[in-house]
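**Student:**
Numbering (the numbering used here), first residue to last: 117 to 309.
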């Protein structure tokens, strides 16, 4: 089974890219925002917080890990049902924790030998492209980023995969320009490898 992570910051096009690839791959498509947003927003609101603020200390301390846990629980259920999975989200802390993916797999009766784990780091070279994409999608949760763009960009994470997977299972993909058929084929070849 394949477990394919599409990681990167907001506005890089993770969702669009993985949706386009869903035309080729018959996988369970799991976006962290879709799975986590309804209950995270409600919990923030219930605690007197801005329901769209993903940058507050309260969110990071109390809620940040819950959508990831839910996402991985659903992903593992699909893997157990012999269904490939595409996972979309930032995964910054998770990628920086060397044993994270192995612990998730082990808790569900799998090893890295059983599941083909791939990571596609989606990037763009121009921060203005990210900002335009964030603005265009119009999500309330992005308002803080847009209002505090310089601060947000100064905190931008560098994506380095510390998991015990081969370098050949990690791809940095520049999604700055048009998503051509040639670029799509490059990604298809990487996933199928």
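We put the CB at the ideal spot given by N, CA and C, even for glycine.
Taking 6 Å as the limit between beta carbons, can you name the residues of its chain near residue 298, skipping five residues before and five after?
**Tutor:** Walking along the chain shown from the start, residue 298 turns up at place 182. The answer is none, since no qualifying residue turns up.
**Student:** Is it buried or exposed, residue 202, if we count other Cβ atoms within 10 angstroms and call 16 or more buried?
**Tutor:** To locate residue 202, count along the chain shown from 1; it is residue 86. Burial call: buried.
**Student:** What residue range is occupied by the uninterrupted alpha helix (DSSP H) comprising residue 190?
**Tutor:** For the purposes of this step, residue 190 is identified with residue 74 of the chain shown, where counting begins at 1. Start and end: 181-196.
**Student:** Since residue 167 contacts residue 181 with CB under 8 Å, what's their CB separation in whole angstroms?
**Tutor:** Along the chain shown, read from residue 1 onward, the residue named residue 167 stands at position 51. Along the chain shown, read from residue 1 onward, the residue named residue 181 stands at position 65. About 18 Å; that fails the 8 Å criterion.
**Student:** Who are the near neighbours of residue 134 in its chain, counting only those whose CB is closer than 6 Å to its CB and skipping five residues on each side?
**Tutor:** For the purposes of this step, residue 134 is taken as the residue at position 18 of the chain shown. The answer, listed in chain order, is 122, 202 and 204.
**Student:** Look at the Cβ atom of residue 141, then the Cβ atom of residue 286, and state whether they are nearer than 8 Å.
**Tutor:** Along the chain shown, read from residue 1 onward, the residue named residue 141 stands at position 25. Along the chain shown, read from residue 1 onward, the residue named residue 286 stands at position 170. Result no, Cβ atoms of residue 141 and residue 286 do not sit closer than 8 Å.
**Student:** So what does DSSP say about residue 155, is it helix, strand or coil?
**Tutor:** Here residue 155 refers to the residue found at position 39 of the chain shown. Helix.
**Student:** With a cut-off of 8 Å, do at least 3 Cβ pairs link the region 217-235 to the region 276-292?
**Tutor:** Flag = yes, the region 217-235 and the region 276-292 touch.
**Student:** If I'm right that residue 160 touches residue 184 with Cβ under 8 Å, what's the distance once you round it to whole angstroms?
**Tutor:** Locating residue 160 in the chain shown gives position 44, where the first residue counts as 1. Locating residue 184 in the chain shown gives position 68, where the first residue counts as 1. With a Cβ gap of about 16 Å, residue 160 and residue 184 do not count as contacting.
**Student:** Report all residues from its chain with a CB closer than 7 Å to the CB of residue 198; omit the five preceding and five following residues, and keep chain order.
**Tutor:** Residue mapping note: residue 198 aligns to position 82 of the chain shown, counting from 1. The answer, listed in chain order, is 117.
**Student:** Since I believe residue 238 is in contact with residue 289 (beta carbons under 8 Å), could you give me their beta-carbon distance rounded to a whole number of angstroms?
**Tutor:** As a first step, residue 289 must be located in the chain shown, where it is residue number 173. As a first step, residue 238 must be located in the chain shown, where it is residue number 122. Correct: roughly 5 Å between the Cβ atoms.
**Student:** Quick check: is any heavy atom of the ligand GDP less than 7 Å from the C-beta of residue 235?
**Tutor:** Inclusion of the ligand GDP in the displayed structure is not the case, the ligand content being empty and no account of it being possible.
**Student:** Cα separation between residue 228 and residue 221?
**Tutor:** By 1-based counting over the chain shown, the position of residue 228 is 112. By 1-based counting over the chain shown, the position of residue 221 is 105. Between residue 228 and residue 221, the C-alpha separation is close to 7 Å.
**Student:** Pull up the distance between the alpha-carbon of residue 124 and that of residue 148, whole angstroms please.
**Tutor:** For this step, residue 124 is matched to residue 8 along the chain shown. For this step, residue 148 is matched to residue 32 along the chain shown. Approximately 12 Å between the Cα atoms of the pair.
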